[in-house]
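Since the structure comes first, as C-alpha cells, the remarks are kept for the end.
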Amino acid sequence: MEQIFSTFPLVFFFLFFIYSTPTLSQSPAPAPGPPGPPDIIAILQKARQYTTFIRLLKTTQVADQLNTQLSKSNQGLTIFAPTDAAFTSLKPGTLNSLTDQQKVELIQFHVVSLFFSISQFQTASNPLRTQVGNDEQFPLNVTATGNQVNITTDMVNATVANTVYTDNLLAVYQVDKVLLPHGLFVPPPPAPAPVKPEKQATSNSSPSDDTARVDTSGGIHLSQHAIRAMSSLIFVLAAFCF
Ligand SMILES: *[C@@H]1O[C@H](CO)[C@@H](O)[C@H](O)[C@H]1NC(C)=O
Ligand SMILES: *[C@@H]1O[C@H](CO)[C@@H](O)[C@H](O)[C@H]1NC(C)=O
Ligand SMILES: *[C@@H]1O[C@H](CO)[C@@H](O)[C@H](O)[C@H]1NC(C)=O
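Printed below as a string of C-alpha cells:
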C-alpha cells in the first residue's frame, strides 16, 4: 500500500508531463501571426499606372511564382515596376515580337532575388542577380548616390523614380523605362532537326537514283522499327518494376 502511495505522485507527475507537453509545444503556434506575405498584384493595383506590368505578371504567371517565393524565402525580392508610360514608349511591336517564354524572361528580369532598400543599392555588387539568372545575356547593374538610383542593362539606362512599396521583405520601385536585356533579342539558334541536311545531302548526291533512295529509306525504317521495339521493351520492363 505504501508503495502505491509513494509511486502515485510520480505517476501523476508523469501523466501531467505527457498531457502538458503537447499543450506547451502548441501554445506558441496560435500566436497572432503576421498577416501573411504581401500580394504583389494588389500592391501594384493600388498604385495605379501599372496595368501593362500587372497584365504581364499575370499572363506569364510570374506573379504566382513571386508570391510563393515571398511566403517561403527570407531573402526577399526587389521589383522594378515600369509604368504604363514606360511600356507605351517602347518601340512599337516590341512586346509582340517576344515569344511567351521571352515574356516570362522579360518579367523575371525586373525582379531581383534579394531585398534592397534604396540605401542598400549603394553597396550592391553588380550585376544584380535577377530571377532570369544568366548574367551574361541579362545583365542588370545599379549605381546609386544618395536617393538617386540608376539602372543599366546593356540596352537601357533607367532611373528609379519612386518607392511604390517597401517592408523588410519586398521592395517595389517605379522605373521610368522597361528594362530590356540584350538576351531577349538575340536570335534563337537554328534549332530545326538535324534530319533535314541529311535528306538534302542524299538527294543532292543522287538526285535521280531511285534504288539508292529506297535503300536509304529502308534503312531508316529498320532503325525506327528497332527503336520502337527497344522502347516498348523498356516500357514493359518498367511496368514490371513498378
Ligand atoms: C544617373 O543618371 C543621370 C542621368 O540620367 C546622371 O545625371 C546621374 O549622375 C546618374 N547617377 C548615378 C548615381 O549614376
Ligand atoms: C555591370 O557591371 C559589371 C561589373 O562592374 C561590368 O563588368 C559590366 O560591364 C556592367 N554591365 C553593364 C551593362 O553596365
Ligand atoms: C547609358 O549611359 C551610358 C553612360 O552614361 C552611355 O554610355 C550609354 O550609351 C547609355 N545607353 C543608352 C542605351 O542610352
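Heads up: the sequence shown runs through residues -25 to -1, 1 to 217, numbered per mature numbering (1 follows the signal peptide of the UniProt record, and there is no 0). Think of the CB as a built atom: it goes at the ideal place given N, C-alpha and C, for glycine as much as any other residue.
Please give me, in chain order, every unbroken run of the alpha helix (DSSP H) with length at least 4 that falls completely inside the segment 72 to 156. Look at the segment 72 to 156 and you find these whole runs of alpha helix (DSSP H), each 4 residues long or longer: 75 to 84.
Within the present structure, is the beta-carbon of T127 separated from the nearest heavy atom of ligand 2 by less than 7 Å? Checking the Cβ of T127 against ligand 2 gives yes.
Burial state of residue 231, where buried means 16 or more other Cβ atoms lie within 10 Å: The requested residue 231 does not occur in the structure, where the chain is confined to residues -25 to 217.
Can you find a heavy atom of ligand 4 that lies under 7 Å from the Cβ of P102? By its list of ligands, the structure shown excludes ligand 4, since it contains just ligand 1, ligand 2 and ligand 3.
Quick check: does the Cβ of Q123 come within less than 7 Å of any heavy atom belonging to ligand 1? Yes, Cβ of Q123 sits closer than 7 Å to a heavy atom of ligand 1.
Opposing strand residues paired with T53 [DSSP bridges]: DSSP lists V87 and A146 as the beta-bridge partner residues of T53.
Quick check on the DSSP output: the alpha helix (DSSP H) that includes T35 runs from which residue to which? Where T35 is concerned, there is no enclosing alpha helix (DSSP H), given that its DSSP letter is neither H nor E.
Taking the straight line between their C-alpha atoms, what separation do you get for N116 and T35? Roughly 24 Å between the two C-alpha positions.
Any heavy atom of ligand 3 closer than 7 Å to the beta-carbon of V131? Here the distance from the Cβ of V131 to the nearest heavy atom of ligand 3 is below 7 Å.
Buried versus exposed, by CB contacts within 10 Å (16 or more), V161: Exposed, by the Cβ-count rule.
First and last residue of the alpha helix (DSSP H) that includes L19? Here the alpha helix (DSSP H) through L19 covers I15 to A22.
Within a Cβ cutoff of 7 Å, which residues of the same chain sit near Q106, ignoring the five residues on either side of it in sequence? If we look at Q106 and ignore the five residues flanking it on each side, its Cβ neighbours are Q83, V86 and S88.
To which residues of the same chain is L103 closer than 6 Å at the C-beta, ignoring the five residues directly before and after it? If we look at L103 and ignore the five residues flanking it on each side, its Cβ neighbours are V87 and L115.
Since I15 contacts L32 with CB under 8 Å, what's their CB separation in whole angstroms? Your pair I15 and L32 checks out as a contact, with CB atoms roughly 7 Å apart and the cut at 8 Å.
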